[in-house]
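According to this note's numbering, the sequence shown is numbered sequentially starting from 27.
One structure is given here, and the rest of the page talks about it.
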Amino acid sequence: MAADRSDRLTSRAGIPPRHFVTALFAVTGFSALCLQVVWQRVISIHGGVDLFSSTTVVAAFMAGLGLGNLVGGTLADRLGARRSILAFALANLGIGLFGWASIVIFYDGYRVLAPSLQSLPAAFAFHFVLLVVPTTLMGLSLPLLTRGVVRDIGEAAPVVSRLYAANTLGAAAGAAVGGWVLLGTLGFDGTVRLASSLNLVAAVIVLTLWRTAPHESTQPAMPAAAPRGAAFANDGIRLWLALYAATGAAALALELVYFRLVDGIMRSNSYTFAHVLTLYLLLFGAGAAAAGERARRSVRPDAAFLWIQFWIGVTSLVGVIALLNAPPLFGLRQSLEQYFRGEGFIYGFESVTDLRSGMAAVFAHLLAPALVMGAPVFLMGYAYPFIAALVLRRDSALGRHTGALMACNILGNVAGSLLAGFVLLDVLGTAGTLALLAALLMALGVTAALRAPRARVQRTAAALGMAAALLLLFPTNERLWGFLHGAPPERFALVEERSCVNALVENGGTQMLHLNGAAQNGYPYDDFHVLIGLFPALLHPNPERALAVGLGIGATPYGMLLDPRLRSVETIEICAGLGDLLTKLGDLGAHESRQLLEDPRLDLRAGDGRKRLLAAERAYDIITVDALRPQSGYSGNVYSVEFYELVASRLAPNGLFAQWVPTQRVLTSVMQVFPYVATTVGPGPATFLVASNEPLPDDLEDAVQRYRARPHGQLSPEQRASLGRFLEHAQLTPVRRGEPRAAVPETQLNRDLHPRDEYFLNDR
């Protein structure tokens, strides 16, 4: 009956029915998440995907949302219910119109200015200017809707919780459909147009209903109502806003930790982000939806909120402990260990050959992420209605308090992401960061126990005992990542830092490099990766300056440095900890690794390779790319036609570009840019290419003579002989000799705004 009465009141006030508005808010949540993912990705093309760049974009995005919530709260209280609904419609109209123009702004406009935006303050300021308009409009929505549909201050908390849950669940659908389907099918431009159109449709529907509805009737203001039995009522709203900001910081820091863990479990592919974000938002929204009425009936929402934080901390630890101690039922533990020792079904489920491997694949891709983050994220959403019940007490300030609540949480989110991304993961690693955050959250439950009027000693002792036991059982960083790599401590070396999890796993005499759980190349250096660097150096008549995009295990820049004619080999690597890991490799007896790092010609820098090319002031004689599998996240930034155009513009006369050929589409994309392209089959089945703006040599005789006369270093006799045999018998097969560029279908190309190889499911 209460719901029916509320809807009748809403209709008489000239506002669309509440359930209808809630459904529209879910649709705008779907749109907002699609836009957020695409905007962040498009900005990264020119701004970089290194930690500094990505964190700057996220912080600017969240800052705009926080500003929107603050502005929206004040605006809503001034406008009243009916005009707040009108403002909500106009905000969505603005988001939709901006969205249709956003690719031109974020891609074409940014490309012109990117070389001047290399410092962190300049990048943040520019990103904030880019994002402040649409994100502020997004942030307006919840305070405006809250003021528009709430008629009784006693129902404010559950109504706001339902709106928040609906928007979050809509965002979860946006992450799932956008990340798994739309980005690969429609590309970035098409996804933005679809999402923007949803905002425009929502705006038109609300405006139409608003115009046809009668004007708002005069209703007396409902009296303010404080939560029943609130023991902390005297502490005031500001205390709870500050506390919600702190828990928001912990929530976003935990999200970063969960992403790192799941990324390692899933072996770091382009769908990991969508997978984690979908699960996070779905669980959070479900928790907020489940607790709405319970919070309204709660006698002690204050204590409940604090105890929920305690259980968030507990379940954060329990999930990881359970993962590392999976039961042996049905051979699950054995199959998991086999999964983590191998490639881990990087590209889906192609490696599933029997029931046991199928169980391991399903567990690793679906159940393990839910085990690690399921309960704590559900409880994060579950806590929202309780904090809303503590803050939303006055009808006259309903909009302001709703906006302030969201703004404080978002402010905490920004602080938490910055703290975890720049400090905690770097200093404490994944396990240490998770343990610290869990301990802080569990401390809130102990606070609730100390403030309770009865059973204080027993509850405090129980909470402290549980927290201490879990923290003692929690694994170290080395044990956690050793398990996820399927390696015992004596065969495992780890360097975890803010950007990447860098690991070496010894297997049969080979030290295999893993980045974020995915296997890369290994030591001893294989001929293929050495040749990607050495071959173009030998082909060039007089190379002096080179750029290697991607360090990896070090084989490609090492191959370049075998030619003494090169005076400088600049190497750009996003994973800053690889230098320390290669130092460890040298300490284990890898003389090539030690020689590489000690060579004064090596200029090793942490950062994004494409961003470096945008800012380069001098041309290079040689550029190589040995970075990512084409199905890895953000790999489209270095396998697109536009990237190859940038490479071609940074080559000096007679300059050479070399990389491996992972797919036919990559080769076709290179051929769309360079007038001269040739391929050669390296040692083993893999192929690499050499491309130039000028004609390539017809034969390899000069290269062979240079190899015999001048390479230096500590190549083993076996590898020196094998490289010599390759060069003597290699054939450089031209695939383009300066003829007019052939027209090919767009489906055969990778583009910045449609990286087809990265979203590999699109080709099946």
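All C-beta atoms, glycine included, are put in the ideal place defined by N, C-alpha and C.
From a predicted model like this one, the values you see are computed outputs, not experimental measurements.
Close CB contacts of Pro184 within its chain, under the 6 Å cut and outside five residues either way in sequence, are with Gly318, Glu319, Arg322 (chain order). Pairing Val84 with Val440, the inter-Cα distance amounts to about 8 Å. Inside the stretch 105-186, DSSP marks no whole beta strand (DSSP E) run of 3 or more residues. Val97 and Trp266 have their C-alpha atoms roughly 20 Å apart. Cβ neighbours of Tyr733 within its own chain (closer than 6 Å, five residues either side excluded): Leu564, Leu753. As computed with DSSP, Asn528 is found in a beta bridge with Val521, Leu541.
Residue range 646-651 is occupied by the beta strand (DSSP E) that includes Ile648. Here the stretch 540-559 lies against the stretch 281-296, with 3 or more beta-carbon pairs under 8 Å apart. Taking a contact to require three or more Cβ pairs closer than 8 Å, the stretch 128-135 and the stretch 392-402 do not qualify as touching.
By the Cβ test, the stretch 109-125 is not in contact with the stretch 449-459, since fewer than three Cβ pairs between them sit closer than 8 Å.
Across the set Ala149, Leu116, Ala221, Tyr785, the C-alpha of Ala221 shows the shortest separation from the C-alpha of Gly55. Using a C-beta cut-off of 8 Å, the stretch 644-661 makes contact with the stretch 289-308, since at least three inter-stretch Cβ pairs fall below that distance. Judged by DSSP in its simplified three-state form, Glu596 adopts strand. Residue pairing by DSSP places Asp629 opposite Glu596 in a beta bridge.
Shown here for Ser666: same chain residues with a beta carbon closer than 7 Å to its own, the five before and five after excluded, namely Ser695, Asn776, Arg777, Asp778, Pro781 in chain order. With a contact defined as Cβ atoms closer than 8 Å, Ala279 and Ser443 qualify at about 7 Å. For Arg763, the enclosing beta strand (DSSP E) starts and ends at 759-763.
The stretch 529-540 makes no contact with the stretch 688-708: fewer than 3 CB pairs, one atom from each, lie closer than 8 Å.
Sequence-distant partners of Ser110 (beyond 5 residues in either direction) whose C-beta falls short of 6 Å from its own C-beta, in its chain, are Ala102, Leu170, Arg173, Gly174.
Per the C-alpha coordinates, the member of Leu741, Leu498, Pro514 positioned closest to Arg505 is Pro514.
Selection Leu693, Gly578, Asn663 evaluated against Gly73 yields Asn663 as nearest (Cα-Cα). Under the criterion of beta carbons closer than 8 Å, Val556 and Thr650 do not qualify as touching, at roughly 11 Å. Of the candidates Val346, Arg620, Arg571, the residue whose Cα lies closest to the Cα of Asp589 is Arg571.
Boundaries cannot be given for Thr502, as no beta strand (DSSP E) includes it and DSSP labels it neither H nor E. Pairwise C-beta distances place the stretch 59-75 in contact with the stretch 212-229, as three or more of them are shorter than 8 Å. Val556: member of the alpha helix (DSSP H) spanning 553-565, first to last residue. With a beta-carbon spacing of about 5 Å, Thr162 and Gly90 fall inside the 8 Å limit used to define contacts.
Contact check between the stretch 673-688 and the stretch 705-716: three or more CB pairs, one atom from each, fall below 8 Å, which counts as touching. Where Gln731 is concerned, there is no enclosing beta strand (DSSP E), although the alpha helix (DSSP H) around it starts and stops at 727-735. For the pair Ala581 and Asp606, the CB atoms are not nearer than the 9 Å cut-off.
Excluding its 5 nearest sequence neighbours in each direction, Pro160 has C-beta neighbours in its own chain below 6 Å: Ile121, Phe124, listed in chain order. Beta-bridge partners of Tyr549 (DSSP): Gln537. For Pro781, there is no enclosing beta strand (DSSP E), since its DSSP letter is neither H nor E.
Our two residues, Ala348 and Trp507, have alpha carbons roughly 15 Å apart in a direct line. With a 10 Å radius around the Cβ and a threshold of 16 neighbouring Cβ atoms, Asn351 comes out exposed. Counting C-beta pairs with one atom in each stretch, the stretch 614-632 and the stretch 597-604 have three or more that are closer than 8 Å, which means they touch.
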